[in-house]
Amino acid sequence: IEQVNGDPYRGLAMGVGSARVNAGKRSISLNLKSPEGQAIAVKLAAEADVLIHNYRPGVPEKLGIGYDQIAAVNPNIVYLQVNGYGPDGPGAQRPSTHPIPGAAMGGVLYQMGDRIPAEQQDIPALRTWTRRLMRANELNPDPNTAMVVCSSALLGLNALKQTGEGQRILIDMFGANAYANHDDFLAYPGKPARAMPDEGLHGLHPTYRLYAAAQEQWVFIAIPEAKEKKHFAERLTALGIEVDIAILNRNDETTVSHLSKIFKGKDAEFWEAQLAPEGVGCVRADRYSPVEFWWHDPQVHALNLTQPSVHPAWGAYDRHGANVTFGGRQPQLKPPPTAGQHGNELLAEIGYNEAAVAKLFAQGIIWQEQT
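Our numbering numbers the first residue of the sequence shown as 1140 and each following residue consecutively.
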């Protein structure tokens, strides 16, 4: 259910983000501030297994879709309320968007590889730090919350199957991200410091990072354990390449300098071909940009991680494939809808005839995007 004129998220980045998260869904654009719109929402919920909303506490009740209001017509409903800071307390009414829990849980700082100075900054410095923070805005806060929402919905459905009872489930974005980022969220005496990227953002330490290879190529190595370093050194020796295991084990700038000279001697294809099949964590790391990876990588194609589809407004395009298949069967993967695209059919399913639907359109209770 979207508002009249569509979810505002559709207006960001030409609607690409909205298309990603709405693939395969049906859409109805509904004026929930009207009694008629609220009645439609309740009728839809009466036929639903799960209802998910992210309104601030108190808003659903004003719109006629609070838990008690929906449970009165559908006692088996699994009702998920997703808030930024939970349903109670002084922060309950505060809005929360993707970057906020990312910053609070340390994800942005982890990507940025540095700490914001404790001293007061002047305006130019604040602008510089703001730019850095935005560029380091990692992608996990929204997906972390979505994973908790999905898991909670499945748990609610399983509980319904076992007990015959629906329920209201409360989820908050901060709690979801605290769980996902527990390595940095929790603190205790003697806790080891979190490994941070180096100043150049090459990696976390000398044997877990990017290195420049010949032909302007790059490799990423992951050999953090002593036995892995020993195996790496043995493989280089077998290739006739000198390596000092003592320097490898120092894990400092001397190690970086030593490995930089070694990797610069051959291109990334050589290093991957000679090391990866032998169990050494070393891969070429510059072959594709993120977009090119999804278009061209043979492993992506082998796993059907992208699939052709037809968007109602854009035409032919590639959407994400199925992350999970059951019985080896590929599910039918539909495109995202335009705003309100399925209003007519959804209203027909809950008993509205053509004349009633036309009246709702004329009154502005429902709306449909024109393509």
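Where is the CB? At the ideal position from N, CA and C, for every residue including glycine.
Note that the structure is predicted; figures quoted are calculated from it, not measured.
Assumed close pair residue i, residue j - CB separation to whole angstroms, cut-off 8 Å
i, j, result
"R1458", "A1162", "5 Å"
"L1275", "M1312", "Inspection of the sequence shows that residue 1275 is occupied by Ala rather than by Leu. Actually they do not touch by this definition, with Cβ atoms about 19 Å apart."
"A1544", "I1216", "Outside the shown range of the chain (1140 to 1510) lies residue 1544, about which nothing can therefore be said."
"L1349", "A1424", "6 Å"
"N1144", "G1503", "Contact flag wrong, Cβ pair sits at about 10 Å."
"Y1224", "S1235", "6 Å"
"K1164", "P1470", "Actually they do not touch by this definition, with Cβ atoms about 14 Å apart."
"I1167", "H1481", "6 Å"
"V1212", "V1181", "6 Å"
"A1332", "L1343", "Their Cβ separation, rounded to whole angstroms, is 11 Å, which puts A1332 and L1343 out of contact at 8 Å."
"S1448", "L1472", "6 Å"
Counted within 10 angstroms of its Cβ, other Cβ atoms place residue i as buried (16 or more) or exposed
i, result
"L1294", "exposed"
"C1289", "exposed"
"L1265", "exposed"
"I1489", "exposed"
"P1199", "buried"
"N1492", "exposed"
"I1432", "One detail in the question is off: residue 1432 reads as Phe in this sequence, not Ile. So F1432 ends up on the exposed side."
"S1291", "buried"
"W1410", "buried"
"V1108", "The displayed coordinates of the chain run from 1140 to 1510. Any statement about residue 1108 would go beyond what the structure contains."
"I1380", "exposed"
"N1462", "exposed"
"S1428", "exposed"
"V1088", "Residue 1088 cannot be examined here, being either before or after the span of the chain that is shown, 1140 to 1510."
"F1371", "buried"
"N1222", "buried"
"H1341", "buried"
"E1141", "buried"
"G1305", "buried"
"Q1232", "exposed"
"N1320", "buried"
"I1262", "exposed"
"A1497", "exposed"
"K1300", "exposed"
"V1395", "buried"
"V1287", "buried"
"G1241", "buried"
"Q1259", "exposed"
"Q1354", "exposed"
"P1345", "buried"
Selected residue, minimal CA-CA separation from residue i, among the options
i, options, result
"F1218", "Y1148, W1433, D1207", "The identity of residue 1218 in the sequence shown is Tyr, whereas the question assumes Phe. For Y1218, the nearest C-alpha among the options comes from D1207."
"G1418", "G1454, E1373, A1487", "E1373"
"H1397", "A1385, Y1194, C1421, L1444", "A1385"
"Y1347", "N1388, A1319, D1322", "N1388"
"P1282", "Q1438, P1256, V1358, A1315", "A1315"
"A1210", "D1322, K1201, V1189", "V1189"
"P1451", "Q1507, M1286, I1401, K1403", "Q1507"
"I1362", "A1317, Q1356, P1328, G1420", "G1420"
"L1375", "F1402, D1391, A1152, P1238", "F1402"
"A1365", "R1233, N1390, P1437", "N1390"
"G1404", "L1444, P1437, T1284, A1352", "A1352"
"R1426", "T1284, E1258, K1300, V1358", "V1358"
"G1511", "R1195, E1367, T1445, P1336", "Here the chain covers residues 1140 to 1510 and nothing more, so residue 1511 does not appear."
"S1173", "L1278, L1202, V1496, T1510", "L1202"
"Q1220", "P1416, Y1318, Q1356, A1285", "A1285"
"I1204", "A1158, E1175, D1322", "E1175"
"P1280", "H1237, K1368, G1339", "H1237"
"N1443", "A1455, V1449, R1468, G1197", "R1468"
"A1441", "F1500, A1494, G1460", "G1460"
"L1414", "L1378, R1159, D1383", "L1378"
"I1310", "P1214, I1191, A1298, T1269", "I1191"
Residue range of the alpha helix (DSSP H) that includes residue i
i, result
"I1209", "1206-1210"
"G1329", "Note, G1329: premise wrong, no alpha helix (DSSP H); not H, not E."
"Q1502", "1493-1502"
"K1301", "Checking the sequence shown, residue 1301 turns out to be Gln, not Lys. Here the alpha helix (DSSP H) through Q1301 covers 1280-1302."
"R1348", "Per DSSP, R1348 belongs to no alpha helix (DSSP H); it is in the beta strand (DSSP E), 1347-1351."
"L1265", "1262-1274"
"A1158", "1155-1161"
"N1483", "1482-1488"
"P1174", "1174-1185"
"R1374", "1365-1377"
"E1167", "As written in the sequence, residue 1167 is Ile, which differs from the Glu given in the question. Taken as a continuous stretch (DSSP letters only), I1167 belongs to no alpha helix (DSSP H), as it is neither H nor E."
Range covered by the beta strand (DSSP E) that runs through residue i
i, result
"F1359", "1357-1361"
"L1309", "1306-1311"
"H1397", "Premise fails: H1397 lies in the alpha helix (DSSP H), 1392-1402, not in any beta strand (DSSP E)."
"Q1220", "1217-1222"
"L1202", "Neither: L1202 is in no beta strand (DSSP E) and is coded neither H nor E."
"I1191", "1189-1192"
"G1538", "Residue coverage of the chain in this structure runs from 1140 to 1510, which leaves residue 1538 outside it and unanswerable."
Within-8 Å CB hit, residue i to chain C
i, result
"V1358", "No chain C is part of this structure, which consists of one protein chain only."
Scan the stretch 1416-1476 and note each continuous alpha helix (DSSP H) run of 4 residues or more that stays entirely inside, going in chain order.
1429-1435, 1437-1441
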